[in-house]
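Asks:
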Amino acid sequence: MKKQLTILNKLLLLSLFIGFTACEIKEDQSVLYEVSFDSFGGSSIQSQFIIPGDTVVKPIDPTLEGSEFIAWLKNNEPYNFGEVVNSEFTLIASWKDIYKPIINPNATPYITEVLDFSPAPGQFLNKVDDQESVKNIIGDYYQFISLGTFGGSVTFKFDHSIMNGEGNDIAIYGNPFEDSSEPGIVMVCQDLNHNGIADDDEPWYELAGSEYYKAETTHNYTITYYRPKPEENQHIIKYKATYDETIEEGEMDFTLVEMFHPQPMFPTFYEEDEITFTGTKLKSNTWHEDMGDWSYFHNPAYDWGYADNRGYEQEGILRGADLFDISNAVDENGEKVELIAVDFVKVYTATTTIAGWLGERSTEIVKAADLSLLSTDE
Ligand SMILES: [Ca+2]
Ligand SMILES: [Ca+2]
Ligand SMILES: [Ca+2]
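Each residue of the sequence shown is one higher than the last, beginning at 0 in numbering that gives the first Met the number 0.
#1: CA-CA distance, D252 and H234?
#2: With a threshold of 7 Å on Cβ separation, who are the neighbours of P263 within its own chain once the five nearest residues in sequence on each side are excluded?
#3: Can you tell me which residues form a DSSP beta bridge with H159?
#4: Hey, which residues come within less than 6 Å of ligand 2, measuring from Cβ to any heavy atom, in chain order?
#5: What runs of the beta strand (DSSP E), each 3 residues or longer, lie entirely inside the stretch 90-165?
#6: In this structure, how does DSSP classify G183 when only helix, strand and coil are distinguished?
#7: Please name the residue or residues paired with K280 in a DSSP beta bridge.
#8: Have a look at D321, A354, Y238 and G278 and flag the residue whose alpha-carbon is nearest the alpha-carbon of H388.
#9: Would you list the residues sitting across from V83 in a DSSP beta bridge?
#10: Does the Cβ of I137 lie closer than 7 Å to at least one heavy atom of ligand 3?
#11: What does the alpha-carbon distance come out to for the pair D292 and S179?
#12: With contact counted as at least three CB pairs below 8 Å, one residue from each stretch, are the stretch 308-316 and the stretch 172-187 in contact?
#13: Quick check on Q142: buried or exposed, where buried means 16 or more other Cβ atoms within 10 Å of its Cβ?
#14: Out of E331, V341, Y140 and G315, point me to the one whose CA is closest to F323's CA.
#15: Relative to the C-alpha of F149, which candidate in H218, E270 and Q189 has its C-alpha closest?
#16: Going by C-alpha distance, which of A207, D128, R360 and S283 is nearest T267?
#17: Looking at D96 and ligand 3, is the gap between the Cβ and the nearest heavy atom below 7 Å?
#18: Is the beta carbon of M186 less than 8 Å from the beta carbon of I339?
#19: Taking 8 Å as the cut-off, decide whether the C-beta atoms of Y109 and A320 are in contact.
#20: Within 10 Å of its beta-carbon, does Q45 have 16 or more other beta-carbons around it, so buried, or fewer, so exposed?
#21: Once the 5 residues before and after G138 are set aside, which same chain residues still bring their CB inside 6 Å of it?
#22: So, with DSSP's three-state summary, where would you put W385?
#23: Short of 6 Å in beta carbon distance, which residues of its chain neighbour F36, apart from the five on each side in sequence? Order them along the chain.
#24: Any idea what DSSP makes of S374, helix, strand or coil?
#25: What residues in its chain sit with their C-beta under 6 Å from that of E363, if we drop five residues either side in the sequence?
#26: Kindly list the residues whose CB is nearer than 7 Å to the CB of S374, restricted to its own chain and excluding five residues on each side of it in sequence; keep chain order.
#27: Classify Q3 as buried or exposed, calling it buried when 16 or more other Cβ atoms lie within 10 Å of its own Cβ.
#28: Confirm, please, whether the CB-CB distance from I59 to L31 is below 8 Å.
#29: With three or more beta-carbon pairs closer than 8 Å as the criterion, would you say the stretch 68-80 touches the stretch 106-120?
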């Protein structure tokens with residue numbers, strides 16, 4: 000009897016085993032989910048077969064020459080490796096170019112190329128061929144260009160990357176004097192793909208100056224200027240500004256400069272009849288002094304960190320220059336960004352003030368230099 004039971008037990012166990020094995024094979028074929036990895040040109044990563052409800056094991060980061068691995072993406076979002084798997088899917092590697100500064104053994108200190116000149120309306124525009132005269136800021140000469148009122152900008156580069164060394168790195172020369180500061184905000188960009196162009200996917204960073212974090216400073220101030228119709232007064236520029244929750248429409252009145260600057264104020268070379276600029280707007284500190292039969296406008300300097308602001312305090316080779324430290328770079332959210340070097344520099348007028356007969360408060364640029372090369376020159 001005992002022996003019979005044992006045989007029965009064995010048969011039972013055998014049938015259970017067969018049943019179990021069959022069941023396991025069935026599971027293998029139907030419900031293991033394949034998670035594959037598309038390394039997007041990088042080293043290949045093996046697929047994983049995941050039991051439902053289990054998680055993916057984060058593989059070793061793939062490698063790609065000249066690139067830095069950022070993350071595995073699912074539906075364009077970084078994948079959470081704690082997520083439970085309930086389907087098959089592919090994770091895609093995202094990469095960013097490793098930035099390499101351009102080192103030039105024959106580097107010269109001054110601007111070698113102007114990439115863009117987009118002035119806003121102003122009294123010094125339209126007197127000569129502005130797109131030609133902007134080249135005045137190349138090299139070491141003393142001829143300035145004017146950017147016009149808020150937003151008007153110039154973008155330039157050098158024959159090498161400007162390294163972020165100890166302290167200040169860039170000198171930007173304007174024509175300020177005591178009580179005549181016309182601040183311009185400075186932005187920088189890295190040529191990540193070394194094509195000499197500031198591409199749309201190469202971000203710009205503002206060099207935060209003394210006013211950047213103050214409540215009275217307006218970030219993301221957008222203004223559109225409209226070209227007057229031929230029959231309209233060419234010294235009245237209509238505009239529409241948007242910032243915070245505000246939409247403001249108005250006119251900039253340049254009529255008091257007409258006797259000195261009779262030409263139209265809206266830059267004539269634009270094909271469009273309206274131009275739009277977005278940037279950081281500084282609160283005006285201009286004040287007006289009544290001197291009896293005439294009046295004077297005071298445009299005092301801001302503390303630091305703006306072009307055409309305090310350069311009159313410098314001596315020698317730096318006379319007229321405001322100095323900039325690449326370490327003050329911030330991203331669009333105001334977060335500090337560490338940049339080892341930069342390739343492109345943009346300066347734009349930071350105020351919207353029109354000071355009567357003195358005209359708009361517009362940043363002027365004479366030249367700019369890599370400070371590290373200037374010091375070795377001396
Ligand atoms: Ca620095
Ligand atoms: Ca000036
Ligand atoms: Ca580029």
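Backbone N, C-alpha and C fix where the C-beta goes; we use that ideal spot for every residue, glycine too.
Replies: Let me lay it out:
#1: 6 Å
#2: N125 and Q233
#3: The partner list for H159 (beta bridge, DSSP) is empty, contrary to what the question assumes.
#4: G173, N174, P175, E181, D307 and E363
#5: 112-117 and 152-162
#6: strand
#7: T217
#8: This structure cannot settle anything about residue 388, because the visible part of the chain is limited to 0 through 377.
#9: T54
#10: no
#11: 21 Å
#12: yes
#13: exposed
#14: V341
#15: H218
#16: D128
#17: no
#18: no
#19: no
#20: exposed
#21: Y109
#22: Residue 385 lies beyond the residue range present for the chain, which begins at 0 and ends at 377; the question has no answer from this structure.
#23: I44 and L90
#24: helix
#25: F143, S145, G173, N174 and D307
#26: none
#27: Caution applies to Q3, whose pLDDT of 49 falls short of 50 and renders its modelled position unreliable; the model cannot decide the point.
#28: no
#29: no
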